[in-house]
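For the protein sequence lines, the chains are A and B, in the order given. Read left to right, the first sequence gives residues -13 to 265 (the working numbering). Read left to right, the second sequence gives residues 355 to 925 (the working numbering). Beta carbons are placed, not taken as given, at the ideal position from N, Cα and C, and that holds for glycine.
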Amino acid sequence: MEEFLREIEHLIISTKKRLITGAVGNRKGKGLGSSHDFYGHRIYIPGDDIRRIDWKAYVRTEKFYVREFTEEREMKVNIILDSSASMDFGIPNKLNTAKMITLGIAYITLNQLDSLSIYTINEKIEILREDIKGKYNFYQLINPIKEVKGKRKTEFGLLKGFRSLRYGKTFIISDLFSKNLSLALDYLCSKGQDIVVLHILAPEEINPNYNGEIKLIDIETNENRMIQVDKIINDIYIKKIKKFVEKNKEICQCRDVKYVYSTTDMDYISILHKITEVT
Amino acid sequence: MSLLYPLGLLLSLLLPIIVILHFKKRQAVEIKISNIGLWDEVIKEVQGIRYKKINRYLLLLIQLLIGGLIVIAFSRPVRLEPFKGQKLTIALDCSITMQAVENGKSRFDMAKEEIKKYIEEIDDDVLIDLIALKSNSEIVIENGRKRDVKDKIKNIKCTYECLDTEKANKVLSLKPNLSLVFSDKKLPFGDRNIKIGGEFKNIGIISGKYDYYSNTALFSIKNYDKKENSFVVELKDEQGRKDMQKLEVKGDEIANLSWSKVWEDSTVLCMSILEKDMLKEDNCFFLPIGNQYKYRVLMVGENYFLKKVILSIPYIDVEFENDYIVKNDYDLYIINTKLSEDKVPKGDNIWFLNPDDSILDGAIKESGRIEISNDSFSDDLDLVNTYVENIPIVKDLEEMETILKVSGKPVMGFKETEDSKKIYSTIDFNKTNLPLQPDFPILIENLIKWFLSEKRKIYELGDKVYVKEEDLSLITPSGIKEKISSKSVALKEIGVYKLVKEDKVVKNFFVNPSKEVISDYKAEDSKTVYKDDCLYLKNIKRFDFRNIIISILLLLLIVEWEVYRRDVKLR
């Protein structure tokens, strides 16, 4: 873990959006404040802090001008971790990979003094931790994240009514085997969230390579299908899964949502690099 | 329609296995997946592009049909038609292997019974030729009737001879009729080869010899069986001394066995296989090794060097005389005196060391190197530094071939006729360095071996011995005393023949089994079993459905493969 954290120490999660809420922090806010970034002058209005009067400007113009600076706010980072049964699949396991990526994003967030909230989603949304700040609080996150188990189905539709989500940057880590992704993204975008979707799949899902007569059982729904698989069937499936990935990418891109695709056989550092590159 | 092998139907008991395997195969392997949705899409697409779903039981039906046809093919269904021809040739194998005993009955007797059964069924007006197959196959009956065959076949006896297939084929080909061959072997001739008996489970001694130099008896034993066999062999001499060894020989292989340091004073060795097998005739082998059985050589005249060499050869018994006296029964005469060729008996092996002037053609005065010019005598010979001087030349006669020459001229030559061998040499061993060379004894032994190569001490079945004297009788190994009426007597039994004159044994002839009782025999041959049951024998003409069934089977296999390939694979 220590080595993992050392490797991602230098990574930064940023946002291109101006922050309008939140406590004072290191990020550029939408309003004016007391940062060191000079914004401009304006005519003095009675009631203004006289310490802000620009006396050099008064000497040149014999008028009182007040100096204004930009506001600095902290960024709120939300991680929505898909904890459905379908995530507990594959070698390497998708849920384990997702948990490690969650820990990685959490560490980078806390390291850059931003606020972090972590939620899990399946048939309900659970708040794992909310508004955590400070690098030293990272270690209290490890156990709760590790204890997350994959169960039930994913219902992205639940995000529509979810009001606890903080305004800022939201990471959705999921295999996207759910029907209401576009609905959820529409809602989050309308709330001004800067969204990154990490689409994670196992190698067996991309290239199943089954053969012969098999009974396929859905681990989420326990539905089953009897199928005689041969090379042709495998090829059709591969086409379908590629199409599925492309479709999800398109859903994200048309909403200006960053889409990152990864398989579980990639190492965690590379996945985190890909995520930070798009932010 | 009849079934040639009704027991083949028992294979149908295995058909339920096809059904079990079919349904077991249909039991799918369970695999957990993360999402069924994509697979649903795949299934939907496949159903659109594939052929109409084939009934899941169609494949099982085809497989059962294939299984059923295999069972029928094994049962060999045939349509039989009684023989309606006019002429028929029946060939009976009378070779030694037919003496093999199975279930207390010899194969020869079994074959006779089968022939009788067969001829019972054919029409009375059919003309039958009966041929006895052996080393010299012969026609026993020509254009005979059923009754003749029944009468004559009783008198045909099985021989101890090996079958000469070439000669047998020639005799059989003289009769263009439909031919039935009754044999225990797979023979390459005849319209129908009817196999008598089962596998040939036999161990036989196929050769034996005695090395006088190392006092070792050597034997080769063949296991005709497919399986490895272990057995005990016994070496016995005429005084009743015995020694035993246990041997293990793999199936269809020959083992070589050596018995070193055998009793020095033995005169006859007999090796026998103690285990009982199908053919007892090749379980015993005689090796006459005593002085009385050695090759007899008479040397006339003095020759110091030659005498020394001849005395050192252990397998010959030499007698020395100063003058030539007419004596018979020597295997070789070495004559070192001036003797005219017409004074010696014809039909003997003679080495003239001092040939008559009529054979000579001048002389070489100067010294010259001795060179060998005939490959038959050059085994292990070098003759690099051997010289001779002042030597007469042997005449270069048309019937004479050169053995040794000096300065390109022959000094030793040989002449060979049907019943005699002669060597003429002019080398005086006192005027050459040849006796001082290591090549000298080798050359002499090579010459003696050439003389004796046709002289037999051990006979094989079918060999003939020539008897010059009259009033002799022969006691066969089975103890029958026969008066010898002709000059030659064929040896037809394995064992010791005794030549008797006035109740006194004059000579013994040792008859051993032939090299192999079945030449080119392989254990697999015994597997090629043609039908030997009455159903087949009664009916020479038949229509075998096996080939048709096999063709249908192949066709069905193709259909099965196509059905399997096109099967919707989705249920």
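- Listed along chain A are 163, each with a C-beta nearer than 8 Å to that of residue 391 of chain B.
- One finds 384, 385, 386, 387 and 390 in chain B with Cβ atoms closer than 9 Å to the Cβ of residue 203 of chain A, taken in chain order.
- Counting along the chain, residue 507 of chain B sits inside the alpha helix (DSSP H) bounded by residues 500 to 509.
- Taking a beta-carbon distance threshold of 7 Å, residue 396 of chain B counts as an interface residue toward chain A.
- Within the DSSP secondary-structure output, residue 640 of chain B pairs in a beta bridge with B:624.
- DSSP places residue 447 of chain B outside any alpha helix (DSSP H); the residue lies instead in the beta strand (DSSP E), whose first and last residues are 441 to 447.
- Under the Cβ criterion (8 Å, minimum of three pairs), the stretch 841 to 852 of chain B counts as touching the stretch 817 to 829 of chain B.
- Taking 7 Å as the CB threshold, residue 399 of chain B lines the interface with chain A.
- Neighbours of residue 207 of chain A in chain B, taken as residues whose beta carbon is under 8 Å from its own, are 390 in chain order.
- Contact with chain B is found for residue 75 of chain A, since one of that chain's Cβ atoms lies less than 7 Å from the residue's Cβ.
- Judged by pairs of C-beta atoms under 8 Å, the stretch 149 to 157 of chain A touches the stretch 57 to 77 of chain A, as three or more such pairs exist.
- The beta carbon of residue 735 of chain B lies closer than 8 Å to those of 726, 793, 796, 797 and 800 in the same chain, with the five residues before and after it left out.
- Counting every other CB atom within 10 Å of its CB across the protein chains shown gives residue 47 of chain A a total below 16, marking it as exposed.
- Put simply, the backbone Cα of residue 138 of chain A is about 35 Å away from that of residue -5 of chain A.
- Using a CB distance below 7 Å, the part of the stretch 209 to 226 of chain A facing chain B consists of 209, 211, 212, 213, 214, 216, 219, 222, 223 and 226, ordered along the chain.
- One finds 385 in chain B with Cβ atoms closer than 7 Å to the Cβ of residue 196 of chain A, taken in chain order.
- By DSSP's assignment, residue 464 of chain B forms no beta bridge with any residue.
- The C-beta separation of residue 639 of chain B from residue 867 of chain B comes to about 7 Å, placing the pair in contact by the 8 Å criterion.
- If you ignore the 5 residues before and after residue 78 of chain A, its C-beta comes within less than 8 Å of the C-beta of 188, 250 and 251, all in its own chain and listed in chain order.
- Linking residue 89 of chain A to residue 130 of chain A through their CA atoms gives a straight-line distance of about 11 Å.
- Rounded to the nearest angstrom, the gap between the Cα atoms of residue 459 of chain B and residue 602 of chain B is 28 Å.
- Excluding residues up to 5 positions away in sequence, 653 lie with their Cβ nearer than 6 Å to the Cβ of residue 674 of chain B in the same chain.
- Rounded to the nearest whole angstrom, the CA to CA distance from residue 451 of chain B to residue 678 of chain B is 50 Å.
- The three-state secondary structure of residue 564 of chain B, taken from DSSP, is strand.
- Bounds of any beta strand (DSSP E) do not take in residue 189 of chain A; it lies within the alpha helix (DSSP H) bounded by 189 to 192.
- Straight-line spacing of the CA atoms in residue 802 of chain B and residue 500 of chain B works out to 58 Å.
- Comparing alpha carbon positions, the residue from A:52, A:205, A:82 and A:192 closest to residue 222 of chain A is A:192.
- About 14 Å separates the beta carbon of residue 44 of chain A from that of residue 28 of chain A, a gap too long to meet the 8 Å contact definition.
- With respect to chain B, the C-beta atom of residue 69 of chain A has no partner C-beta closer than 7 Å.
- Within the stretch 125 to 145 of chain A, no residue has a Cβ lying closer than 9 Å to any Cβ of chain B.
- Taking a contact to require three or more Cβ pairs closer than 8 Å, the stretch 515 to 527 of chain B and the stretch 483 to 492 of chain B qualify as touching.
- The contact set of residue 200 of chain A on chain B, defined by CB atoms closer than 9 Å, consists of 382, 383, 384 and 385 in chain order.
- CA-to-CA, the gap between residue 55 of chain A and residue 38 of chain A works out to about 10 Å.
- Counting along the chain, no beta strand (DSSP E) covers residue 173 of chain A; the unbroken alpha helix (DSSP H) around it starts and ends at 167 to 176.
- Nearest Cα to residue 692 of chain B within the set B:708, B:855, B:453 and B:494: B:708.
- Per DSSP, residue 683 of chain B lies in no beta strand (DSSP E) and is assigned neither H nor E.
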